[in-house]
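Enquirer: Using mature numbering (1 follows the signal peptide of the UniProt record, and there is no 0), the letters of the sequence shown map in sequence onto residues -16 to -1, 1 to 1159. Glycine is no exception: its CB is placed at the ideal position from the N, C-alpha and C atoms.
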Amino acid sequence: MELFFLLLCAVSLSDGFNIDVLNTEKFSGNKEEFFGYRLLQYQSDETKQIIVSAPLSANRSGAIFNCTMEKKHCSRFYHPDSKAIRFFGMSMAVRTSPSTTLTSCSPSFTHECDGNSYLNGICYQFNSRLNTVTNITAAFQECTKSKVNLVFLVDGSSSMQMSEFDMNKKFIWDIVTTLKNSSIEFAAVQFSKEVRTVFTFKDYVTGTAKKKLDAEEHMKSLTNTYTAIRFALENLFNNAESGADPEATKALVIITDGSPSDIEHNEIRHCEELNIARFIIGVGNKVHLENLKKLASEPTESNVFMIQNYNGLNGLLDKLQNKIYGIEGAQGRTFREELSQSGFSASSDKDTLILGAVGSNNWQGNLYEVSGSEAEMEIKDSNLNNDSYNGYSVVVGRRGRDSLVFSGAPRSNHRGQVILFMKMYHTWEVMSNVSGEQIGSYFGGSVCVLDLDSDSNTDFLVVGAPLYYKPHPPREGRVYIYRLTQQLKLEKELEVFESTQGRFGMTLAAVADLNGDQLQDLAVGAPLEDNQKGAIYIYLGNREHGIRPQYSQRIVASSISKELQHFGLAIDGVMDMGQDGLMDIAVGAQGTVVLLKTRPVVSVSAKLSFSPSEINLTHFDCLGNSENSFPIITLSICFSMAENTNSKGAVKSGLNVTLELKADVVRKDSRAFFSADDKTSRSLVTSVLLDSEFSCYSHTVFMHSCVKDTVSPVLFRLQFNQSDHQPKSSNSILNIDCKTTAQVEVPFQINCKNTSCVSDLQLDFNFLNNTLLVVDQASFIIHVTLLNKGDDSFNTSVVLLYPPGLSLSMFKTIEANRRTLSSCGDRDDGALNKTTCSISLPVYRRGTRAVFEGVFRISRFYSWNDSMQMTLVASSDNNGNTSTTTVTKTLPVQFSVDVAISPVPELSVTYLNFSLNDKGPKTISFVYKVRNLGLKALPVAVSFCMPSQTGVHLHDLHNPTINVSRNHTSCNITQPGRQADCPFNQSVNFMCQSFSLDPESTVRFQLNTSITFPNKQQYTGKWSFSGIKTEDDFSVFAQVNFDKKLYHQISSDRENDTSRLHLAKISVKTELIIPPDMTMIIGTGVGGGLLLLIVIFILLWKCGFFKRKHPEPLEEGSENRTEKADEVCGAETAGKTGEPPSTSEEKPLIQAGGNDVSKNGGKENGNMEIGESVE
């Protein structure tokens, strides 16, 4: 709310300066009479008054009024009593030497001359008591009749009948009779084949023309029109004996019923050179209009008349009479002073009166100097074109002893022009001019001069262009300021435009100093602004540009009265109309004159001071938890006030100002405050009365017990403005030029050995790694050591400069001998290669040593070089530092890669067998793949090693070849022999050229070789029951290599063994298989079977198997014999088989089933035994 209140005060004061729009004086008149059109502040012998004109008063004759402050009333003191005078009071001027004289003019003083109306001007002069002294009629045109010599050329060809010829003569005399009282003299010529004079100008003057016309006979021949024109030129217009006047206006009237029958010999051109007006009357259908137009003067369409027959001449009489009458006094000559309208503008300087006459010389316009009893002197610029309206506005200036006149010609070349004249040796010469920028802008419609320092030397010219239009944003009217150089040249300094459809610049007035800066000011009227209510703008003077570019006050009519119309039509402000010693401005509106009073202007300056001289640091303690506040200083505000203007006691009652005092203004959060209980009270808003030349006020300032920044001084700023509420007896206003701010810095106590406070910061840092390994988002750590051996270091910081591929993620204190804090990144504006870390703000105390750890994140997307450089710089706000505070170190860079080589088992041969029946070598393949599983490409080289013979020399390897997928590289066989990285005595080695292995790519290598079994002979012819099986194996090795200094292999092993990823082998097992000798196996089997059969047969025989032919029943007596025989047999059998003898109980011959098997049971048992033995 306090800030909002201040803003309201600022807005109200910026809308106006020291012209009082609330307390005005108004003088009313008749709106219909346009009272207020022009006005002047005028001091007579007795009193000061305002002279006001009403140019439509007294039935448009005009009148002037005097308005006095004492009577608060306006009374008419003069109006012309002649009906020939109209619009009296259109211009007014005051001349101060030799005595005060008022001049008021009417530019419309008409008088008749030979049937024509002349429009001149008349001015009346009044003395200091407003009594009429004399009148002035500058550029007055006396009545002098101008003659017109008119010749009738009558067609006398044979195509015309006698009656028609008589009609021609009657038509001619009717015109002569009608215009006999004019200044026109007539002559007549008949033309046919020949040409003769009917009567001359002298005959017309002597009265014999009628007789000669009647006696003229019809010639009845050809139509030699051009010959007749030449005849009239030679014998009438240019022949003094014919009575022609060389200065007279000349005219021809040709009456014909046919086209010319002769040839033209420049007759028409001679007529044009003599400005002869030519009117052609064509009769009948035989004449061609286009041929007649060649004879007529411009405009030919209106100067050619066509009729069907000669009877139509009577109806043509009035039209032709009007045409002839219209050329009387006009055709062939220019207007000089007939329409001069002198007094359209007026200006005076000391004893010189300058009047503008816009209508002189065909509205080219002139100026006239009227001085005392001397004759008027013409002031003209012969280079102006017609219709320039020179003299539309005029103002008089001076440069030293020379008089200057600035005249506006708003229609010159359609853009407008202002001409500067200077009087040299009793003549006025053109010194310079300036032209407008826009067609139709009416540049020069108003002019005034500025004598800024009132030294009687014109400094600037002000020119108005009230019709200048600017569409975006829409503006109407523009004012130009020109500097007048020592060479009397006009140089544009400034242009201003403010109003929308208001005719800004229609009125210009140099007014006396309004604000007390000893410079003349400018008032600009815009009488059509605000829906034709009007407004004026006040511009304060400026030595460099004439005026300030921005107006100091805009006064709209509605702020004074809702009834005002066209406020700003006239402005004058050169004197104090009252008794307060202040300048007043009189402004004219339609029907009203408003007197605006100025207010006294005062300048106020403020100064801030404080005690003690610095803020003591004793009470500050940030280690505890105290929230106490304590007073630190007493701040004093002292105002001094002085009046700029020369009022008579208007500021004695003082001036109320509203002030805002703000603490620690450059910080977001203030360290100081004005209330001990409210630490947010950084602003103090109050109003004070300045009622004396000096006024002082004091305020206590508080601080919290914990302030981290005790180095930067505390800045206090004061802003003040004039309060809306003022003492009733005072109407003074604060000068808009006075400085309304003040500030002061309050320092903290500084503990240093001397006033220079030299620190000694010693900086060092170390890398925790021997290399920088580029792994995306991996950590990289440095340790920074900072020691201060000098005085306290203020606002200490360490700047870390590093490649953009690093980003600082953490910077913390890991060791310190006292509390040390750091804060990074708040002063770098988004820099990618720099971080500034503030250290223990505000003070890094003497003797402090701290170690910081900086943790960086590594980006793989950065284009890293082979090495990385890092620079650390320590700095402070001290006056110097003893030690070097810049440290630079370099570290090698390694790139993390994930490269591996491995076999492809499914595409490789790992087992192979041979036999004696194999013919020729066998082809085997070994496939390896090299993969880059990382995110960075790198150059790699691949090598292969394979034996040329197996370990036991069982097989030989021949014709090795290698293929690479997509031809990524080429591989060559190296020199045979044992290689350092190959385990074979005899080997074949492939070395592939280095190639770039892209990220996430795979390259395959396929080795092909032929294997043979060279020593078949040593196994041929050998007999073997079980066959021969001989085994052998060998390996093929592959290795990938890259720059281990630049690239680092990623490993997931705990032992960090990466060699297994770079070496691979494929082992191949081979077998030689010789099957058993089947012939020997079969022979041996047959022989062995026969031998076994023999043995069995003998055994059976021994056992008596073959003795039992028939089985007999057993008897008890024989039972024993049988058992004995069985025992003998069983014993023999047992002796052969090594088994114990079986008893009859253990192996009965008769089964338990009780069946009779005595006949064949033994045979079956014998067969079973044999079968078991065979098995």
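#1: Please go through the segment 748 to 778 and give each complete beta strand (DSSP E) segment of 3 or more residues, from N-terminal end onward.
#2: Mind checking whether Leu114 and Phe61 have CB atoms under 7 Å apart?
#3: Using the Cβ count rule (16 or more neighbours within 10 Å means buried), how would you classify Gln574?
#4: What did DSSP end up calling Ile3 once you bin it into helix, strand or coil?
#5: Classify Gly1088 as buried or exposed, calling it buried when 16 or more other Cβ atoms lie within 10 Å of its own Cβ.
#6: Could you compute how far the alpha carbon of Ser980 sits from the alpha carbon of Asn916?
#7: Just tell me which of Phe1, Arg462, Lys10 has its CA closest to the CA of Ala570.
#8: Could I get the ranges of all uninterrupted beta strand (DSSP E) runs contained in the segment 246 to 293, with 3 residues as the minimum, in chain order?
#9: Under 8 Å, with one C-beta from each stretch per pair, do the segment 274 to 288 and the segment 250 to 264 reach the 3-pair mark?
#10: Can you give the Cα-Cα distance for Glu231 and Lys131, rounded to whole angstroms?
#11: What are the uninterrupted segments assigned as alpha helix (DSSP H) that are 4 or more residues long and contained completely in the segment 509 to 589, given in chain order?
#12: Please determine, among Met361, Asn417, Thr958, Cys432, the residue with the shortest C-alpha to C-alpha distance to Tyr409.
#13: Please name the residue, chosen from Ser777, Leu790, Thr192, Glu475, that lies closest to Val759 on a Cα-to-Cα basis.
#14: Relative to the C-alpha of Thr118, which residue among Ser88, Gly831, Ile1078 is closest?
#15: So, with DSSP's three-state summary, where would you put Pro64?
#16: Does the Cβ of Glu677 have 16 or more other Cβ atoms within 10 Å, making it buried, or fewer, making it exposed?
#17: Can you name the residues that DSSP bridges to Leu23?
#18: Given a cut-off of 7 Å on the beta-carbon distance, is the pair Gln878 and His1032 in contact?
#19: Which class does Gly400 belong to by DSSP, given the choice of helix, strand or coil?
#20: How big is the Cα-Cα spacing for Glu1107 and Ile1065?
#21: Assuming Tyr786 is part of the beta strand (DSSP E), what are its boundary residues?
#22: When the Cα of Tyr786 is compared with those of Leu770, Arg802, Leu756, which residue comes out closest?
#23: Rounded to the nearest angstrom, what separates Ser679 and Thr602 at their Cα positions?
#24: Using the rule of at least 16 other Cβ atoms within 10 Å of the residue's Cβ for burial, across every protein chain shown, is Asn2 buried or exposed?
#25: Taking the beta strand (DSSP E) that His942 falls in, what are its first and last residues?
#26: Which value, in whole angstroms, describes the spacing of the CA atoms of Thr629 and Asn719?
#27: Tell me, please, whether the segment 361 to 374 touches the segment 136 to 147 by the rule of three or more beta-carbon pairs shorter than 8 Å.
#28: Classify Lys581 as buried or exposed, calling it buried when 16 or more other Cβ atoms lie within 10 Å of its own Cβ.
#29: Which residue from Gly557, Tyr210, Asp505 puts its Cα closest to that of Ile252?
#30: If you scan the segment 110 to 198 from start to end, which runs of the alpha helix (DSSP H) of 4 or more residues do you find wholly inside it?
#31: Is the Cβ-Cβ distance between Ile539 and Ile555 less than 7 Å?
#32: Have a look at Phe732, His688, Glu30, Ser781 and flag the residue whose alpha-carbon is nearest the alpha-carbon of Asp653.
#33: The alpha helix (DSSP H) that contains Thr211, what's its start and end?
#34: Given this structure, state the Cα-to-Cα distance separating Val1052 from Phe910, to the nearest angstrom.
#35: Quick check: does the Cβ of Cys622 come within less than 6 Å of any heavy atom belonging to the ligand COA?
#36: Going by C-alpha to C-alpha distance, which of Gly1072, Glu890, Ile1082, Pro905 sits closest to Gln990?
Expert: For this structure:
#1: 756 to 758, 763 to 772
#2: yes
#3: buried
#4: strand
#5: exposed
#6: 10 Å
#7: Selected option, being the one with the closest Cα: Lys10.
#8: For the beta strand (DSSP E) assignment, the uninterrupted runs of no fewer than 3 residues enclosed by the segment 246 to 293 are, from N- to C-terminal side, 261 to 267, 288 to 291.
#9: yes
#10: 8 Å
#11: 513 to 516
#12: Met361
#13: Leu790
#14: Of the listed residues, the one whose Cα sits closest to Thr118 is Ser88.
#15: coil
#16: Exposed: under 16 other Cβ atoms inside 10 Å.
#17: Val36
#18: yes
#19: strand
#20: Confidence at Glu1107 is low in this model, with a pLDDT of 47, below 50, so its placement is unreliable and no value can be given for it.
#21: That residue, Tyr786, is in no beta strand (DSSP E); it is neither H nor E in DSSP.
#22: The shortest Cα separation from Tyr786 among Leu770, Arg802, Leu756 belongs to Leu756.
#23: 34 Å
#24: In summary, Asn2 is buried, with 16 or more beta-carbon neighbours lying within 10 Å of its beta-carbon over all protein chains present.
#25: Secondary structure note for His942: its beta strand (DSSP E) is the uninterrupted segment 940 to 948.
#26: 10 Å
#27: no
#28: With 16 or more other Cβ atoms within 10 Å, it is buried.
#29: Tyr210
#30: 146 to 162, 185 to 190
#31: no
#32: His688
#33: 209 to 216
#34: 10 Å
#35: Annotation note on the ligand COA: not contained in the displayed structure, which lists no ligands.
#36: Of Gly1072, Glu890, Ile1082, Pro905, the residue nearest in Cα terms is Glu890.
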